[in-house]
Amino acid sequence: MRLASPETYAKSLIAALQEYALLCAHAFGDLFSKPRYIDDIFTQMDSIGVGSLPIVVLTGFFTGCVLALQSATSLKEFGAVNMTGRLVALSMVKELGPVLTGLMVSGRNASGMASELGSMKVSEQIDAMRALGTDPIRKLVTPRLVATVVMLFFLTIISDACGTAGGGAVAVGLLHLNGHTFFTTAYLTLKMGDVVEGLVKPLFSGFIIASIGCYYGLKTTGGTRGVGKSTTQAVVASSVLIILMDFLVTQLMIGIFGR
Amino acid sequence: MTATTNDQEAAERIAQGVPVVEFDHVSLGFEEHQVLKDISFKVAHGETRIILGPSGGGKSVLMKLANGLLEPDSGEVRVLGWSLHTMTQSEIFAMRAHIGMVFQESALFDSLNVEDNVAYRLEEEHLPPTEIRERVLEALRFVELEKAIDKFPSELSGGMRRRVSIARAIITKPDLILYDSPTGGLDPITSNTIIELVVKQRDVSHTTSLLITHRLQDAFTMATHRYNQEQGRMEKIPDGGIDPNTRFLVLNEGQVVFDGTTLELAHTSDPWLRYYIS
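Structure follows, in C-alpha cells:
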C-alpha cells in the first residue's frame, strides 16, 4: 500500500471539509425555496424519531438507574445521600441525556443514512434521481436534516425524563430513599441555564448526525465494500463530533450562565 | 426558467432546426486520466446516434455530460440549444424534463414498486393521480410489462428491469432519450427485445436518441430494421434498406474516430475501424 504524502493528505482533508460545508449549506438553503418534500420529512421523523424511541427510553432509564446507584454510594460517605436526586437530574439533563441520546441515535441513524444513500449512490439511483430532474440533496438530505434535529430534541427530553425516573426507581426501590425528597431535590436543583444547555446540545447533535450520515452516504464509491466503509466512517465521525460539540457547547453555556 | 416557457422554447428551437445535442470541443479528465479529448459532434432532431467503442473509451461519461450529470473541463455541451455551462443547477434540473435516460444497470429505485418508479417524474410534477395511473399504464403497455406494475425491482429479471427503465424514461415524452448500454449483460434474446423497443420508440415517436452499445449486432439491427406498427413487430427494411436517421459515432481512447452514416461505417478504410467492426 502506498502512503499518501502529507501534502496530498492535507489537500484531501481540506477538499472533504469544503465538500461537507457545501453539502450543509446546500441542504440548509433548500429549506427556504421550493419544492419542499414535506412528506419525506414526516417519513423520516417516523423512522428516526419513533424508530429510535425504544433504544432511547431504555438507554435513558438504565443510565439513570446506574447513576443513582453510583452516586448514592459515594454520597453516603459524606452523609449526603438525600442529594442523589439532585445529582441524577443535573447529570441527566445537562450531560448524559443529550450526549447518550445523540450517540445512540448516531449509531442507529447515521449508519442507516450512510448505508441507504451509499447503496443508492453505488447503484446509480442518485444519478437516476438527478436525471429525472430531482435534486437529491433537496429530496434526501434536507428532510433527514430537519427530521433528525427536530426529533433528537424531543428524544432528549424523553431520555432525560426516563433517566430521572430510572434514578427515582432505584432510589426508592433499592436504596430505600424517600421518593418525594428525590424528585423535589431533582426539580429544585435544575435552573434555566441547565435546561437550556441540555436542549441546545441535541440541536447540534441532530445536525451532525444527519449531515455526516448523508455526506458519507453521498460520497460512497466502490460497491458494497464502499457502503460498509462509509457506514463505519459515518458512525465514527458523528460520534467523535458529538463529543467535541458537547465540550464546546458546555464551555459556551458555562460562559453564558455561569454554571 | 419555468416548465411552461421551457416547453415552448424547446418546441420552437426544434422547429428552427437547432441540434438537439451538440458537443463543441469537449474535454474531461479525472485526476491524471484524460477520459474525453476534444470531442465535437451534433445530433439533429429525430436522429438516433449509436455510440460505439471499446470499454473505457468514455462513452458513459459522454452520456452523463449530455445530461448535465458531469461538467466538462473545457468546451461546451448544448442541449436543445441551451448551453449547459451557463445554466444554474435549478435550470439544469428543469431542462432534464426534456431528457429521458436509461441507465446501464437500470438504476430503478429499489424501495419503490414498478408503478412508482415509472410514475416518479409525474408525481414530482404533482399531476392528478388518475392521469398518472393512465400514463404509467400506457408506458408499461409500450414495454409490454403491464402485469408487473405492482412488483418491486428485486422481483424482476434483468431484461424486465431495463424495460421498466425505458418506461420511466419515455413517460414524459421527452425530446431526447439517452440509452446507456441498454442491452449490456443481457442474453441475445432479451437484448433483441430491448432493441425492438428502442426501434419502436424511434419509429413510433421519432424521438432523438443517443444509444451506447457494445454489441455491434444490436447497432446494425437498429440500422437495418424498422418497426411495423400494423403487425406490432420489428422487421428488416426491404431491399437491404438502411434507416436514414440512424448514424454512428465511434470513440476510442477518448477521441472521436468516426462520425457518419451506417454505409460510411461499413465502407470505412480506417484499419482500426475495420478491425473493430469485423
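Order-wise, the sequence lines are chains A and X.
Quick note on numbering: our numbering labels position 88 of the first sequence as 119, and the sequence is numbered without any gaps.
Quick note on numbering: our numbering labels position 116 of the second sequence as 101, and the sequence is numbered without any gaps.
We put the CB at the ideal spot given by N, CA and C, even for glycine.
Say whether chain A places a C-beta atom closer than 8 Å to the C-beta of residue i.
i: ALA92(X); result: yes
i: MET72(X); result: no
i: THR(-11)(X); result: Its pLDDT being 48, under 50, THR(-11)(X) is placed unreliably by the model, and the measurement read from it follows with that caveat. No, THR(-11)(X) lies away from the interface with chain A (no Cβ there is under 8 Å from its Cβ).
i: ALA133(X); result: no
i: TYR105(X); result: yes
i: PHE88(X); result: yes
i: ARG81(X); result: yes
i: PHE127(X); result: no
i: PHE78(X); result: yes
i: THR247(X); result: no
i: GLU181(X); result: no
i: GLU116(X); result: no
i: GLU109(X); result: yes
DSSP three-state call for residue i: helix, strand or coil?
i: HIS199(X); result: coil
i: HIS57(A); result: helix
i: ARG148(X); result: helix
i: THR187(A); result: helix
i: LYS132(X); result: helix
i: ASN293(A); result: Within the shown structure, residues of chain A are numbered from 32 to 290, placing residue 293(A) beyond reach of any answer.
i: GLN214(X); result: coil
i: GLY289(A); result: coil
i: ASP77(A); result: helix
i: ILE(-1)(X); result: helix
i: SER142(X); result: coil
i: VAL201(A); result: helix
i: LYS260(A); result: helix
i: SER64(A); result: coil
i: SER194(X); result: strand
i: ARG63(X); result: strand
i: ILE162(X); result: strand
i: THR231(X); result: strand
i: SER242(A); result: helix
i: SER75(X); result: helix
i: SER122(A); result: helix
i: SER150(A); result: helix
i: SER40(X); result: coil
Can you find a C-beta in chain X that's less than 8 Å from the C-beta of residue i?
i: SER242(A); result: no
Please classify residue i: is it buried, with 16 or more other beta-carbons within 10 angstroms of its beta-carbon, or exposed?
i: LEU163(A); result: buried
i: VAL81(A); result: exposed
i: GLU7(X); result: buried
i: GLU220(X); result: exposed
i: THR(-11)(X); result: At THR(-11)(X), the pLDDT of 48 sits below 50, so the modelled position is not reliable; the number obtained from the coordinates is stated separately. Burial call: exposed.
i: THR115(A); result: buried
i: PHE238(A); result: buried
i: PRO173(X); result: exposed
i: PHE233(X); result: buried
i: GLN202(X); result: exposed
Please report the residue range of the alpha helix (DSSP H) in which residue i lies.
i: ASN140(A); result: Neither: ASN140(A) is in no alpha helix (DSSP H) and is coded neither H nor E.
i: GLY239(X); result: Here GLY239(X) belongs to no alpha helix (DSSP H), and DSSP marks it neither H nor E.
i: GLU181(X); result: 173 to 190
i: GLU123(X); result: 114 to 127
i: HIS211(A); result: 210 to 220
i: VAL99(X); result: 99 to 109
i: SER166(X); result: It is not in any alpha helix (DSSP H) - SER166(X) carries neither H nor E in the DSSP assignment.
i: THR247(X); result: 247 to 251
i: SER12(X); result: Taken as a continuous stretch (DSSP letters only), SER12(X) belongs to no alpha helix (DSSP H), being part of the beta strand (DSSP E) at 6 to 15.
i: PHE137(X); result: Taken as a continuous stretch (DSSP letters only), PHE137(X) belongs to no alpha helix (DSSP H), as it is neither H nor E.
i: ALA162(A); result: 156 to 162
i: LEU258(X); result: 256 to 262
i: SER45(X); result: 44 to 51
From what residue to what residue does the beta strand (DSSP E) around residue i run?
i: GLY85(X); result: 84 to 87
i: LEU206(A); result: Taken as a continuous stretch (DSSP letters only), LEU206(A) belongs to no beta strand (DSSP E), as it is neither H nor E.
i: GLY95(A); result: Segment 82 to 108 is the alpha helix (DSSP H) holding GLY95(A); no beta strand (DSSP E) there.
i: THR252(A); result: Careful: THR252(A) lies outside any beta strand (DSSP E) and carries neither H nor E.
i: LEU69(X); result: Taken as a continuous stretch (DSSP letters only), LEU69(X) belongs to no beta strand (DSSP E), as it is neither H nor E.
i: SER25(X); result: 18 to 28
i: VAL172(A); result: Element bounds for VAL172(A): n/a, residue is neither H nor E.
i: LEU37(X); result: 33 to 37
Along the stretch 147 to 174 of chain A, what residues have a CB closer than 7 Å to any CB found in chain X? SER154, GLU155, GLN156, ASP158, ALA159, ARG161, ALA162, LEU163, GLY164, THR165 and ASP166
Mind checking the stretch -11 to 16 of chain X against chain A and listing, in chain order, the residues whose C-beta falls within less than 8 Å of any C-beta there? none
Relative to chain A, which residues along the stretch 40 to 57 of chain X have a C-beta separation below 7 Å, given in chain order? ASN52 and LEU54
For the stretch 145 to 158 of chain X, enumerate the residues whose C-beta is nearer than 8 Å to any C-beta of chain A, in chain order. ARG153
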